[in-house]
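Chemist: Note that my numbering has the sequence shown beginning at 6, numbered continuously upward.
From the three backbone atoms N, C-alpha and C, an ideal C-beta is built for every residue, glycine too.
All values reported here derive from a predicted model rather than from experimental measurement.
Got a structure for you, questions after.
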Amino acid sequence: MSANTFKRLQERLNFYSIGFPETATGIELRILKELFTEEEAGLFLSLSHRLEKPESIAMRINRPLQGIAEQLEDMAGRGLLFRVKKGDIVRYAAIPFVHGLFEFQVSRLDRNLSQLLEEYFQGGFLDAFNKSRGTFLRTIPVQKSLDATRNVAAFDDAIEILKKMNQIVVTDCICRKQKGLIDQSCDKPRETCFMFGAMAQYYLDNHMGRKIEIDEAIQILSDAQAAGLVTQPATAQNPGGMCNCCGDCCGVLLALNQHPRPSEIVFSNYVAGLDSELCLGCQTCLDRCQMNALTMNDQDRADINPDRCIGCGLCVTTCPSGALSLKQKSGDQFRVPPVTGAEQMMAMAKERGLLA
């Protein structure tokens, strides 16, 4: 096997999702060497992003079926591949760095890997989130911030998303867990991220989460939003997961905060509005906002910078006077997400110029 196997793996991962860019320090290669042996990296490189049976993979790469099947299952169990089981049929596929290799280490993270990841995130990976132009995760409103008299698209309603899922698994937030292992985590709730469908089953099979019913899911969502977490499903009408993110630990929000105008790149159909005459000057909204979109003026009333607002609605739910409200965007500012995760991946590839 050639000496540049891990470099080739980095280049392959850079084509998926928001990418896996190289850095000047090469920290990304150290991360890959923590996760993969060289043989496993080579096998990953031989896989497709489309699900395949072990028989097809073994035939294509001219290796014995039994050995390949065992290695694929071992790698899938360690979060290095995606696996789907249907009866006696098992299929495997290559995965992105996010959502994929990073999140699938939720039960295996240790301090050393967490420190390597932190160096990578601070060394330029967060820029990849911004370059994806909001197509990785999208922000939807906190439930209580929505006006009950107005029509809300089902794909922008977190409870409606939960209700239509035939299987819900809750898991720890990988971002807060990674930060916690290097003593940098916030005190927000951790068991707050939902997985659905085949992704939910993968998490169950790998002991990375627990299955819950809709009532508990809604309660977890409500508690997360009360704690000031931003609800962010994958950018699809039928998402494979839905995160509840904080501005202290979570990569998407950290990346958005680095941008001078987060509203330009976030995938969100809402923006906060302010009636300054109703503002009491209590400053509660300043703590709730994850994007520093709210400040106090010299009249001791809040001002809002719409260029920094991502439309999460956290400020609205705790405003005692009703000065803040959430408004739905209109015209070409209102965006309909792709229907499926596969369509989402295609949209992200086009955003990055990888597809015409």
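1) Between which two residues does the beta strand (DSSP E) carrying Q237 extend?
2) Nearest CA to the CA of P238: which residue from R17, A298, D115 and T345?
3) Hey, out of P59, K58, L70 and L18, whose CA is closest to A46's CA?
4) Assess contact between the stretch 50-63 and the stretch 25-39, defined as three or more Cβ pairs (one per stretch) separated by less than 8 angstroms. Is contact present?
5) Can you tell me which of the three DSSP states L329 falls into?
6) Output the distance between the C-alpha atoms of K168 and E44, rounded to the nearest integer angstrom.
7) Indicate the three-state DSSP secondary structure (helix, strand or coil) for T300 in the structure shown.
8) Return the first residue and the last residue of the alpha helix (DSSP H) that A29 is part of.
9) Rounded C-beta distance between Q172 and Q206? I'm assuming under 8 angstroms.
10) DSSP puts D308 in a beta bridge; with which residues?
11) List the DSSP bridge partners of D188.
12) Under 8 angstroms, with one C-beta from each stretch per pair, do the stretch 101-119 and the stretch 273-289 reach the 3-pair mark?
13) Answer with buried or exposed for Q230, where buried requires no fewer than 16 other C-beta atoms within 10 angstroms of its C-beta.
14) For L186, which option in R68, L34, G246 and L121 has the closest C-alpha, if you only look at C-alpha atoms?
15) Following the continuous alpha helix (DSSP H) through K168, name the residue where it begins and the one where it ends.
16) Pairs of beta-carbons, one from the stretch 247-262 and one from the stretch 318-335, closer than 8 angstroms: are there three or more?
17) Are the beta-carbon atoms of G245 and H104 separated by less than 9 angstroms?
18) Q76 to H212, Cα distance in whole Å?
19) Tell me where the beta strand (DSSP E) around K216 begins and ends.
20) Between L234 and C251, which are expected to be in contact by the criterion C-beta below 8 angstroms, what is the C-beta distance as a whole number of angstroms?
21) Shortest alpha-carbon distance to I164 belongs to which of F199, A307, D305 and I315?
22) Which residues share a DSSP beta bridge with F87?
Modeler: Once the coordinates are examined:
1) V235 to P238
2) T345
3) L18
4) no
5) strand
6) 42 angstroms
7) strand
8) Counting along the chain, A29 falls outside any alpha helix (DSSP H), and DSSP gives it neither H nor E.
9) 7 angstroms
10) T300
11) In the DSSP output, where bridge partners are listed per residue, D188 has none listed.
12) no
13) buried
14) L121
15) A163 to K168
16) no
17) yes
18) 19 angstroms
19) R215 to I217
20) 6 angstroms
21) F199
22) A98
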